[in-house]
Amino acid sequence: MSKDVAADIPAAEAPAKRAPLNKYALACAILASMNSILLGYDVSVMSGAQIFMKRDLKITDAQIEVLAGIINIFSLVGSLAAGRTSDWIGRRYTMVLASVIFFAGALIMGLAPSYAVLMLGRFVAGVGVGYALMIAPVYTAEVAPTSARGLLTSFPEVFINTGVLLGYISNYAFHGLPVHLSWRAMFLAGAVPPVFLAVGVLAMPESPRWLVMQGRIGDARRVLEKTSDSPEEAVERLADIKSAVGIPEGIADDNNDELLAIVRKNKGTHGEGVLRDLLLHPTPPVRRILIACLGLQFFQQASGIDSVVLYSPRVFEKAGIKSDANTLGATISVGATKTLFILVATFLLDRVGRRPLLLTSAGGMVVSLVTLASTLHVIAQRASPADGATALSGVSIASVLMFVASFSIGMGPIAWVYSSEIFPLRLRAQGCALGTAMNRIMSGAITMSFYSLSHKITLAGNFYLYASIAAAGWVFMFCFLPETRGRGLEDTEKLFGGGDGVEKEDGHGHAESTELTTQ
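So the sequence shown is numbered by full-length UniProt numbering: it starts at 1 and just counts up by one.
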């Protein structure tokens with residue numbers, strides 16, 4: 001590649017002097033990301049509710065397994081619809097819609113008189129979860145300034161973990177109620193957050209990138225001026241977005257009719273033809289971006305995180321902790337650990353970068369899963385379950401905590417951060433929707449097969465399987481995911497072969513220029 005071409009590509013480094021955190025962008029990211037509480041709460045509250053549902057409704061482990069995991073399959077409806085919906089009505093109103101749908105689902109589950117009605121409630125709540133899971137990181141990435149995009153775009157995962165912790169606390173708080181009331185109270189408590197979330201989202205501005213796609217350049221400029229680190233950055237971000245949409249320089253910001261005509265001619269305003277360009281006729285860079293997104297979302301869930309969160313009471317029971325109070329109390333430590341380490345990750349993303357955290361995370365997950373599986377295997381082989389149970393129980397709990405901590409410093413937040421960064425503007429919403437769909441499919445497959453696999457290959461065998469998948473994920477991320485730290489959203493496509501050139505990292509993390517290849 002020529003020196004002139006290489007000089008045109010920005011280095012993948014964060015600014016040497018960090019700008020103060022933009023408080024308006026921070027507030028927008030927090031409000032948008034709070035929708036993710038819904039997913040975390042729903043997953044973890046089911047871990048405790050299933051104990052009492054099984055006794056009250058007289059249902060089997062197989063029915064519990066389906067009920068617990070099916071919400072991830074149902075959420076496909078929401079996540080796939082959210083891409084087109086957010087392109088049509090905007091990112092902000094899509095978040096309001098997510099809250100309304102989840103509120104209805106929580107009410108149906110809490111008041112359900114039978115297994116069939118519970119399943120209906122899981123479907124409705126799943127659609128709301130799918131909407132929330134997809135739209136929060138997209139909106140945050142589009143609002144955040146480049147200097148803090150990693151920090152702010154990791155907020156959805158922060159609030160997922162907050163929801164997980166709240167779900168565990170709800171389990172413990174209501175476990176003393178009569179059996180027929182305890183699990184209902186746990187679900188009904190989940191109807192409270194969506195009310196406040198829907199109201200809070202209405203105070204947020206619309207995404208500047210969506211506004212440009214609607215020809216509303218003046219509105220987009222005002223949002224960018226509030227969310228950028230400097231007036232110069234606001235001008236530069238707007239110019240990049242207009243270029244990505246295909247709007248030439250020199251057209252007045254208030255000439256909406258002409259702007260809309262240009263956008264519709266060049267790209268479309270409501271996501272027309274996007275799935276065709278993603279799936280049927282992708283360019284080589286888009287194909288690589290899609291594989292990176294789908295692969296990262298696959299490994300995030302296939303390594304077993306939702307099984308650990310959802311079935312941790314059963315894991316702790318097998319490890320020798322028997323009472324409901326002690327089991328549910330131990331799960332609170334899981335939620336607290338996830339929340340603590342995700343906060344650590346948010347402050348490292350824009351300092352250390354995405355790749356080092358991803359690789360460290362996957363490595364820690366492999367070690368902790370192998371340790372947990374080996375400990376459970378030893379416990380299962382003992383003639384007397386009480387023999388050495390205290391020490392082995394301690395190792396099991398420590399392994400679970402190490403696993404969720406490792407997940408939270410990398411794989412948890414960065415799957416969403418990375419996916420929302422790498423797609424070109426026109427493909428971003430629906431590309432992220434496909435990534436979310438992959439995430440939910442794998443979460444459903446993992447959680448709906450946990451009991452069945454445990455019966456066939458043992459509980460220890462389950463975790464050995466998750467460890468092997470996490471190891472394969474480490475190889476995938478090392479070989480296939482370039483660093484995106486410090487790059488503008490309109491620039492990340494070059495990392496996958498878009499534009500005139502690309503810099504990629506060598507095996508030691510140093511940037512080096514290479515010729516682009518096309519296939």
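For each residue, glycine too, the CB sits at the ideal point set by N, CA and C.
With distance defined between alpha-carbon atoms, name the residue in VAL274, LYS226, SER207, SER44 nearest to ALA189.
Counted from its first residue, the sequence shown places residue 189 at position 189. Closest in alpha carbon position to ALA189, among VAL274, LYS226, SER207, SER44, is SER44.
Rounded Cβ spacing between ARG209 and LEU392 (contact assumed at less than 8 Å):
Locating residue 209 in the sequence shown gives position 209, counting from the first residue. Locating residue 392 in the sequence shown gives position 392, counting from the first residue. Not quite, the Cβ-Cβ distance comes to about 52 Å (not below 8 Å), so this is no contact.
Looking at the structure shown, is PRO20 part of a helix, part of a strand, or coil, going by DSSP?
Within the sequence shown, residue 20 is the residue found at index 20, counting from 1. Three-state DSSP puts PRO20 in coil, outside helix and strand.
Could you tell me how far apart the beta carbons of TYR139 and ALA32 are, in whole angstroms, since I believe they sit closer than 8 Å?
Counted from its first residue, the sequence shown places residue 139 at position 139. Counted from its first residue, the sequence shown places residue 32 at position 32. About 5 Å separates the Cβ atoms of TYR139 and ALA32, confirming a contact at the 8 Å cut-off.
Given a threshold of 16 other Cβ atoms within 10 Å of its Cβ, counted over all protein chains shown, does GLY307 qualify as buried or as exposed?
Indexing the sequence shown from 1 puts residue 307 at position 307. With the sequence shown as reference, residue 307 is identified as Ser, and Gly is not the correct amino acid for it. The Cβ neighbour count for SER307, taken over all protein chains shown within 10 Å, is at least 16; the residue is labelled buried.
Short of 6 Å in beta carbon distance, which residues of its chain neighbour ILE241, apart from the five on each side in sequence? Order them along the chain.
Reading the sequence shown from its first residue, position 241 is the one you call residue 241. Hits under 6 Å: ARG209, VAL212.
Would you check if the distance between the CB atom of ASP350 and the CB atom of LEU26 is smaller than 9 Å?
On the sequence shown, residue 350 is found 350 positions in, with the first residue counted as 1. On the sequence shown, residue 26 is found 26 positions in, with the first residue counted as 1. Going by C-beta atoms, ASP350 is not nearer than 9 Å to LEU26.
Between the CA atoms of SER147 and ILE414 - distance to the nearest angstrom
One-based indexing of the sequence shown puts residue 414 at position 414. One-based indexing of the sequence shown puts residue 147 at position 147. CA-CA distance, ILE414 to SER147, rounds to 16 Å.
Between the C-alpha atoms of GLU142 and SER207, what's the straight-line distance to the nearest angstrom?
On the sequence shown, position 142 is the one that residue 142 refers to. On the sequence shown, position 207 is the one that residue 207 refers to. Taking the straight line joining both Cα atoms gives about 6 Å.
Whose C-beta lies closer than 6 Å to the C-beta of SER443 among residues of the same chain, with five residues either side of it excluded?
Mapped onto the sequence shown, residue 443 falls at position 443. Excluding sequence neighbours, SER443 sits near ASN72, GLN301, ASP306.
Contact belief for PRO205 with CYS28 at Cβ below 8 Å, rounded distance in angstroms
Stepping through the sequence shown from its first residue, residue 205 is reached at position 205. Stepping through the sequence shown from its first residue, residue 28 is reached at position 28. With a contact defined as Cβ atoms closer than 8 Å, PRO205 and CYS28 qualify at about 7 Å.
Does the Cβ-Cβ distance between ALA98 and ALA49 come in under 9 Å?
The sequence position of residue 98 within the sequence shown is 98, counting from 1. The sequence position of residue 49 within the sequence shown is 49, counting from 1. Not a contact, by the Cβ cut-off of 9 Å.
Quick check on DSSP: helix, strand or coil for GLY176?
Residue mapping note: residue 176 aligns to position 176 of the sequence shown, counting from 1. Judged by DSSP in its simplified three-state form, GLY176 adopts coil rather than helix or strand.
Between ILE247 and GLY83, what straight-line distance do the alpha-carbon atoms span, to the nearest angstrom?
Mapped onto the sequence shown, residue 247 falls at position 247. Mapped onto the sequence shown, residue 83 falls at position 83. About 23 Å.
Using only the alpha-carbon positions, how far apart do ALA125 and LEU181 sit?
Within the sequence shown, the letter at position 125 stands for residue 125. Within the sequence shown, the letter at position 181 stands for residue 181. The C-alpha of LEU181 is placed about 20 Å away from the C-alpha of ALA125.
On the DSSP letters alone, give me the boundaries of the alpha helix (DSSP H) that HIS455 sits inside.
One-based indexing of the sequence shown puts residue 455 at position 455. Residues 450-480.
What does the alpha-carbon distance come out to for the pair PRO194 and GLY176?
As a position in the sequence shown, residue 194 is number 194, starting the count at 1. As a position in the sequence shown, residue 176 is number 176, starting the count at 1. Approximately 26 Å, taken between the alpha carbons.
Since LEU107 is in the alpha helix (DSSP H), which residue starts that stretch and which ends it?
Against the sequence shown, residue 107 aligns to sequence position 107. LEU107 -> alpha helix (DSSP H) spans 91-110.
Take TYR115 and list the residues in its own chain whose beta-carbon comes closer than 7 Å to its own, dropping the five residues that flank it on each side.
Locating residue 115 in the sequence shown gives position 115, counting from the first residue. In the same chain as TYR115, and ignoring 5 residues on each side of it, the C-beta atoms closer than 7 Å to its own belong to LEU57, ILE59, GLN63, in chain order.
What does the alpha-carbon distance come out to for the pair PHE74 and TRP474?
As a first step, residue 74 must be located in the sequence shown, where it is residue number 74. As a first step, residue 474 must be located in the sequence shown, where it is residue number 474. Approximately 29 Å between the Cα atoms of the pair.
Identify which residue in ASN439, ALA445, ALA472, TYR418 has its Cα closest to the Cα of residue 521.
Not covered by the structure: residue 521. The range shown for the chain is 1 to 519.
Contacting residues, own chain, Cβ-Cβ under 7 Å from ALA185 (five flanking each side not counted):
As a first step, residue 185 must be located in the sequence shown, where it is residue number 185. Once the five neighbours on either side are set aside, the close Cβ partners of ALA185 are PHE174, LEU177.
When LEU290, ALA380, MET365 are compared against LYS318, the one with the closest alpha-carbon
Taking the sequence shown and counting its residues from 1, the one referred to as residue 318 is at position 318. Taking each of LEU290, ALA380, MET365 in turn and checking the Cα distance to LYS318, the smallest one comes out for ALA380.
Could you pull the start and end residues of the alpha helix (DSSP H) that THR371 belongs to?
In the sequence shown, residue 371 corresponds to position 371, counting from 1. That run of the alpha helix (DSSP H) goes 354-381.
For THR269, three-class secondary structure by DSSP
Locating residue 269 in the sequence shown gives position 269, counting from the first residue. Residue confidence for THR269 is low, a pLDDT of 46 falling below 50, so the modelled location carries little weight; the figure read from the coordinates is stated next. The three-state secondary structure of THR269, taken from DSSP, is coil.
Reference LEU279, options GLY163, GLY435, LEU39, closest by Cα
Against the sequence shown, residue 279 aligns to sequence position 279. Nearest to LEU279 by C-alpha distance, out of GLY163, GLY435, LEU39, is GLY435.
Contact between the region 353-372 and the region 458-475: three or more CB pairs below 8 Å?
As far as the Cβ criterion goes, the region 353-372 touches the region 458-475, which means the pair count is three or higher.
Does the region 331-343 come into contact with the region 401-413, if we say contact requires no fewer than three beta-carbon pairs (one atom in each stretch) closer than 8 Å?
The answer is yes - the region 401-413 touches the region 331-343, with three or more Cβ pairs under 8 Å.
Using the Cα positions of PRO156 and ALA136, report the straight-line distance between them to the nearest angstrom.
Here the question's residue 156 lines up with position 156 in the sequence shown. Here the question's residue 136 lines up with position 136 in the sequence shown. Cα to Cα, the separation comes out at about 6 Å.
For PHE187 and GLY110, which I take to be in contact (beta-carbon distance under 8 Å), what is that distance rounded to the nearest angstrom?
As a first step, residue 187 must be located in the sequence shown, where it is residue number 187. As a first step, residue 110 must be located in the sequence shown, where it is residue number 110. About 4 Å separates the two Cβ atoms, so the contact holds.
What three-state label does DSSP hand LYS58 in the structure shown?
Counting from 1 along the sequence shown, the entry for residue 58 is found at position 58. In the three-state scheme derived from DSSP, where H, G and I count as helix and E and B as strand, LYS58 is classed as coil.
Residue from VAL417, GLU233, LEU348, PRO231 with nearest C-alpha to GLN297
Here residue 297 refers to the residue found at position 297 of the sequence shown. Nearest C-alpha to GLN297: VAL417.
Would you mind stating whether LEU21 and VAL129 have Cβ atoms separated by less than 9 Å?
Counted from its first residue, the sequence shown places residue 21 at position 21. Counted from its first residue, the sequence shown places residue 129 at position 129. Not a contact, by the Cβ cut-off of 9 Å.
How about ALA429 and VAL274: do their beta carbons lie closer than 9 Å?
Here residue 429 corresponds to residue number 429 of the sequence shown, with the count starting at 1. Here residue 274 corresponds to residue number 274 of the sequence shown, with the count starting at 1. Their beta carbons are under 9 Å apart, which means ALA429 touches VAL274 by this criterion.
Provide the residue span of the alpha helix (DSSP H) that contains SER243, from first to last.
Locating residue 243 in the sequence shown gives position 243, where the first residue counts as 1. For SER243, the enclosing alpha helix (DSSP H) starts and ends at 231-245.
Three-state secondary structure (DSSP) of PHE423:
For the purposes of this step, residue 423 is identified with residue 423 of the sequence shown, where counting begins at 1. The answer is coil: DSSP assigns PHE423 none of H, G, I, E or B.
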